[in-house]
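I have placed the structure first, in the form of structure tokens, so that the comments after it can refer back to it.
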Amino acid sequence: MVEIGLLSRSPLAAVLQPGHYGQPGQDGLVVQERTGLHIVNLAARRGQGGALAVAVQRSWGLELPTTPRRAGDGRLAFLWSGGAQWLAIAEGTGDLELSLKDRLGSLASLTDQSDGRSVLRLSGSRTRETLAKGLAIDLHPRAFTPGDTALTLAGHIGVQIWQLDDTPSYEIAVARGYAGSLIGWLLPAGEEFGITVLPPG
Amino acid sequence: MRIICPLCGERGAEEFVYHGDATVRRPHPDSSAETWNAYVHLRDNPAGRHSELWYHAAGCHAWLVVERDVRTHEIFAVTLAQDVALARRPVTA
Ligand SMILES: [Zn+2]
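Chains A and B, in that order, are what the protein sequence lines are.
Residue 54 in my numbering sits at position 54 of the first sequence, and the numbers go up by one each step.
Whatever position you read off the second sequence (first residue = 1), add 201 for my numbering.
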């Protein structure tokens, strides 16, 4: 029998090199590709939304959002992702899909998206101005705050964005095949503010 | 034009796809050819208030029923198509 070993490779490996770009001496935008994330899409089975929320509360002490919000933290978060759908995102080495299947398998359909999405963390003092060039939603603090999430377009590309804190920092998830195109929009948009690209982490 | 998605909030029309007249109702499978012809092909074209299906393609993927004045783009109501369909469904014992 022939053993085939597949190497996992980021779609951004060739287009997002660590370093400084654009306006010298300025750091208006800091970009980092997130690695090691486990991402699972949950879709509640018909009529099981209430039971699913109870099971999530009982298992992890988190309130499954029914509006575009994110519950939890970096270790495990549930993000509203459309009607009766959520993204569960976890850091670390545990098997998120297995753990969700054990506790929620009869209430929701689960789809592993860990290799299906690329996630970028964006921070820096000019992050809002950069995003405003390609996102048509209002990211002003009176309209979008930490814990808020949105499914929308960035540079004409479908994304899910959520705000982490007030610095402000955000994370933005994009279908893997579009990750390079998103960077093709993001870096030119942030150049005038100066960009630091951190090593993936 | 901007549409207030009941799930996502207010978004630009570029996030939505128009999917036709929301007033037509699918006939019973045994209906006559004339009835099916009318369902598939015949549409009113009101200059004014209309009821339309829009799909939030670049957002939450919900189908919406949008009550809209097609002359002015004024929007009167946006409802999840799912809720409209459930409200229509005859109550069974
Ligand atoms: Zn929506």
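Each residue gets a CB set at the ideal place from its N, CA and C atoms; glycine is no exception.
Point to revise | Buried/exposed call for residue 118 (chain A), threshold 16 Cβ in 10 Å | key: buried
Exercise for review: List the residues of chain A that residue 242 (chain B) touches, going by C-beta distances under 7 Å, in chain order.
Suggested key: Within 7 Å Cβ-Cβ: nothing; residue 242 (chain B) doesn't reach chain A, min ~32 Å.
Review point. Taking 8 Å as the cut-off, is the CB of residue 260 (chain B) close to at least one heavy atom of ligand 1?
Key: yes
**Study point:** Beta-carbon proximity list for residue 294 (chain B), same chain, < 6 Å, skipping 5 on both sides
**Key:** Reliability fails at residue 294 (chain B), whose pLDDT of 48 lies under 50, so the model's placement of it is uncertain and the value that follows must be treated cautiously. Nothing meets the Cβ criterion.
Exercise for review: Could you please give the first and the last residue of the uninterrupted alpha helix (DSSP H) stretch that includes residue 268 (chain B)?
Suggested key: No alpha helix (DSSP H) contains residue 268 (chain B), which is instead part of the beta strand (DSSP E) from 264–270.
Review point. Given a threshold of 16 other Cβ atoms within 10 Å of its Cβ, counted over all protein chains shown, does residue 273 (chain B) qualify as buried or as exposed?
Key: exposed
Practice item. For the beta strand (DSSP E) holding residue 109 (chain A), just list the boundary residues, first then last. Key: 108–112
Practice item. Following the continuous beta strand (DSSP E) through residue 222 (chain B), name the residue where it begins and the one where it ends. Key: 218–222
Practice item. Compare the C-beta of residue 282 (chain B) against all C-beta atoms of chain A and say whether one is closer than 9 Å. Key: no
Check your understanding: From the DSSP output, which residues share a beta bridge with residue 72 (chain A)?
Key -> A:77
Practice item. List the residues of chain B that residue 182 (chain A) touches, going by C-beta distances under 8 Å, in chain order. Key: Going along chain B, no residue has its Cβ under 8 Å from residue 182 (chain A), so there is no contact; the nearest lies around 14 Å.
Review point. Assuming residue 80 (chain A) and residue 67 (chain A) make a contact with CB atoms under 8 Å, what is their CB distance in whole Å?
Key: 6 Å
Point to revise | Per-residue burial, residue 42 (chain A) [other beta carbons within 10 Å of its own, 16 or more giving buried] | key: buried
Check your understanding: Closer than 9 Å, CB to CB, is residue 212 (chain B) near chain A or not?
Key -> yes
Check your understanding: residue 74 (chain A): buried (16+ other C-beta within 10 angstroms of its C-beta) or exposed?
Key -> exposed
Review point. With 9 Å set as the bound, which would you pick, yes or no: does the beta-carbon of residue 260 (chain B) sit closer than that to a beta-carbon of chain A?
Key: yes
Exercise for review: Taking the CB atoms as reference points, tell me whether residue 149 (chain A) and residue 29 (chain A) lie closer together than 9 Å.
Suggested key: no
Point to revise | Interface positions of the region 202–226 of chain B facing chain A (Cβ-Cβ less than 8 Å), listed along the chain | key: 208, 209, 210, 212, 213, 215 and 216
Check your understanding: Cβ of residue 263 (chain B) less than 9 Å from any chain A Cβ?
Key -> yes
Point to revise | beta strand (DSSP E) runs wholly inside the region 126–201 of chain A, at least 3 long, in chain order | key: 149–154, 157–165, 169–175 and 195–197
Check your understanding: Would you call the region 49–65 of chain A and the region 7–25 of chain A in contact, with 3 or more CB pairs under 8 Å?
Key -> no
Point to revise | Nearest-angstrom Cβ-Cβ length linking residue 31 (chain A) and residue 182 (chain A), presumed shorter than 8 Å | key: That pair is no contact at about 11 Å.
Exercise for review: Just grab the DSSP bridge partners of residue 8 (chain A) for me.
Suggested key: Partner(s): none; residue 8 (chain A) has no beta bridge.
Review point. Name the chain B residues that come within less than 9 Å of residue 47 (chain A), Cβ to Cβ?
Key: Chain B residues near residue 47 (chain A): none, gap ~12 Å exceeds 9 Å.
Check your understanding: Buried or exposed: residue 98 (chain A), going by 16 or more other Cβ atoms within 10 Å of its Cβ?
Key -> exposed
Review point. Based on the DSSP secondary-structure assignment, which residues constitute the bridge partners of residue 19 (chain A)?
Key: A:197
Review point. Should residue 139 (chain A) be flagged as near chain B, meaning a C-beta pair shorter than 9 Å?
Key: no
Review point. If we call anything under 9 Å between Cβ atoms a contact, is residue 34 (chain A) one with residue 120 (chain A)?
Key: yes
Check your understanding: Is residue 242 (chain B) helix, strand or coil by DSSP?
Key -> helix
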